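For the sequence shown, this note's numbering begins at 1 and goes up steadily by one.
Note that beta-carbon positions come from the ideal geometry of N, C-alpha and C, so glycine has one too.
Nothing here was measured: the structure is a model prediction, and the numbers come from that model.
Written below as structure tokens is the structure these notes are about.
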Amino acid sequence: MGDLERISISLEKPLSAKLAKLLKQTKYSNRSEFIRDLVRDKLVERAWESDEEALGTITLVYDHHKRNLTEKLTGLQHDFHHAVMATTHVHLDHDLCAEMIMVRGKASLIRALADALGKQKGVYHAKLSLSTTGRKSA
Ligand code: NI
Numbered sequence: 001m002g003d004l005e006r007i008s009i010s011l012e013k014p015l016s017a018k019l020a021k022l023l024k025q026t027k028y029s030n031r032s033e034f035i036r037d038l039v040r041d042k043l044v045e046r047a048w049e050s051d052e053e054a055l056g057t058i059t060l061v062y063d064h065h066k067r068n069l070t071e072k073l074t075g076l077q078h079d080f081h082h083a084v085m086a087t088t089h090v091h092l093d094h095d096l097c098a099e100m101i102m103v104r105g106k107a108s109l110i111r112a113l114a115d116a117l118g119k120q121k122g123v124y125h126a127k128l129s130l131s132t133t134g135r136k137s138a
């Protein structure tokens, strides 16, 4: 952590009480840590909007028996090969596969890949989790 700047914030009492309750329910040991994470989350959202460089994980759960699905999912990842850094495949049971795809690139590009993967027939669940490097995309 860099140099710290102390700031004070004002909250309505009911909201402050809710914050205190939230801190108890979550991993946060203090309010500063909580506010820092809120700010970081907001920065990630802004990166989405401004199309800055983002990184994330696309998690897929799908039925590998579905005709041509495995080939389609692999083909899409090849179409976006500049954005795909790594893929981990897990055989969940006889039918189901899980795939975690680590991606990096413009937020809009990552979103396009996640959408394309998620809409294939036989994909039961697709979830994109996004983070940011905090840098402008090249
Ligand atoms: Ni599998």
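Check residue i in the structure and name its three-state DSSP category.
i, result
"Ala114", "helix"
"Lys127", "strand"
"His91", "strand"
"Thr132", "strand"
"Ala83", "coil"
"Asp26", "Note on residue identity: the sequence assigns Thr, not Asp, to residue 26. It is coil, neither helix nor strand."
"Leu4", "coil"
"Glu71", "helix"
"Ser10", "coil"
"Gln120", "coil"
"Lys18", "helix"
Between which two residues does the beta strand (DSSP E) holding residue i run?
i, result
"Arg104", "96-106"
"Ile58", "53-63"
Excluding the 5 residues flanking residue i on each side, which residues of the same chain have their C-beta closer than 8 Å to its C-beta?
i, result
"Ile35", "Ile9"
Would you check if the distance between the CB atom of residue i and the CB atom of residue j is smaller than 9 Å?
i, j, result
"Ala54", "Leu113", "no"
"Lys24", "Lys66", "no"
"Thr59", "Lys127", "yes"
"Met85", "Met100", "no"
"Gly105", "His82", "yes"
"Leu11", "Leu19", "yes"
"Asp79", "Tyr124", "no"
"Tyr28", "Asp41", "no"
"Val61", "Leu96", "yes"
Quick one: residues in its chain with C-beta nearer than 7 Å to the C-beta of residue i, no 5 flanking neighbours on either side, listed in chain order?
i, result
"Val44", "Leu130, Ser131, Thr132"
"Ala116", "Leu76"
"Ser92", "Sequence check: residue 92 is Leu here, not Ser. Answer for Leu92: Ala98, listed in chain order."
"Gly118", "Ala126"
Starting from residue i, trace the alpha helix (DSSP H) in both directions and tell me its first and last residue.
i, result
"Glu45", "31-50"
Around the C-beta of residue i, are 16 or more other C-beta atoms found within 10 angstroms, so that it is buried, or is it exposed?
i, result
"Ile7", "exposed"
"Leu4", "exposed"
"Ala17", "exposed"
Excluding the 5 residues preceding and the 5 following residue i in the sequence, name in chain order all residues of the same chain whose CB lies nearer than 6 Å to its CB.
i, result
"Glu33", "none"
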